[in-house]
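Counting from 393, one number per residue, gives the positions in the sequence shown under this note's numbering. Every residue, glycine too, gets a C-beta built ideally from N, C-alpha and C. Keep in mind the model is a prediction, meaning the values are calculated, not measured.
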Amino acid sequence: MKLTNLSAQRSLRQIWPELGEYFALVWGDDFIKALGYTLVQEIMSRQGADKIILVGDIYTYSDLLEALTGFGVPISVQSLKPVDYEVMTYRLLYDRGCAVSNSYVNPSGWEKGNLILVFDGEAESMIAAQPGQFLFRLTNDSRGLAPELEEHLEQNGIGGSLGTIAPILESCIKVKAGIASACAELDMSRPTAPFEALQQAGEQIGVWDIFLDKVY
């Protein structure tokens with residue numbers, strides 16, 4: 393048994409990987425997946441995109457990848473180590489019949505109408521937005537996704553980057569929606585709620601409106 397809903401700055405996971413052995417930490421992974429899905433959903437419903445491109449280290453994001461196949465457009469997983477995603481993409485392509493490809497990151501091959509989600513990883517420094525493309529950076533250092541919230545946090549001594557915001561808002565949404573308790577103990581043998589539940593809860597309480605204001 394461990395205490396639940398202790399938010400942790402995402403950069404700490406790489407610096408101090410064993411931290412999770414001592415605390416049941418909320419790193420914000422599900423929040424970032426939910427935000428990414430919400431941004432794609434908004435673009436697809438308003439303007440449409442011809443292709444979805446996921447860039448970066450998404451080892452634990454197979455659930456997001458699978459959910460995005462529901463939009464019915466080709467998906468390209470691009471990274472500096474495509475071999476790491478062969479099993480993930482193979483399963484969706486051959487077992488599920490989804491239009492999913494896996495390749496080395498290739499910004500020069502991106503076209504107008506493509507929707508790009510950039511996650512953490514060495515490839516993020518290679519990415520630049522081009523006219524006619526929808527590009528969203530969902531890295532630990534990302535800023536500008538919710539300017540008013542970021543400014544409010546910084547005025548109160550809290551960092552405004554996504555690496556700080558994601559764990560905090562994930563905890564808040566889970567408590568508000570009753571997915572998790574603010575102070576009860578967490579049974580670590582129980583599976584956590586999928587990111588889809590967080591996405592739906594965030595939608596119901598209006599969290600995503602803060603981020604969608606700056607989409608266009």
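Counting C-beta pairs with one atom in each stretch, the stretch 540-553 and the stretch 481-488 have fewer than three that are closer than 8 Å, which means they do not touch. Assigned with DSSP and collapsed to three states, V599 falls in coil, not helix or strand. When DSSP states are grouped into helix, strand and coil, S471 belongs to the strand group.
Sequence-distant Cβ neighbours of I450 in its own chain, meaning closer than 6 Å and more than five residues away, are F511. The beta carbons of A426 and Q547 sit no closer together than 7 Å. The way I'd put it, the stretch 416-425 doesn't touch the stretch 433-447; fewer than three beta-carbon pairs between them come closer than 8 Å. Only residues of its own chain outside the window of five on either side were considered, and among them A569 have a CB closer than 8 Å to the CB of Q596, listed in chain order.
In its chain, beyond the 5 residues on either side, D421 have a beta carbon closer than 7 Å to the beta carbon of T452.
Across the structure, I508 and A589 are spaced so that their CA atoms are roughly 23 Å apart.
Setting aside the 5 residues that flank it on each side, Q522 is surrounded in the same chain by W502, each with a C-beta closer than 7 Å to its C-beta; the list follows chain order. With a cut-off of 8 Å on Cβ pairs, the stretch 456-468 is not in contact with the stretch 514-532, counting fewer than three such pairs. Checking the DSSP bridge columns, you'll see V447 partnered with Q470, V510. Just so you know, the alpha carbons of V567 and T556 end up roughly 18 Å apart. By the neighbour-count definition (other C-beta atoms within 10 Å, threshold 16), Y477 is a buried residue. Sequence-distant partners of Q525 (beyond 5 residues in either direction) whose C-beta falls short of 8 Å from its own C-beta, in its chain, are W502, E503, K504, G505, N506, L507, I508. Note that the C-beta distance between L472 and E514 is below 7 Å.
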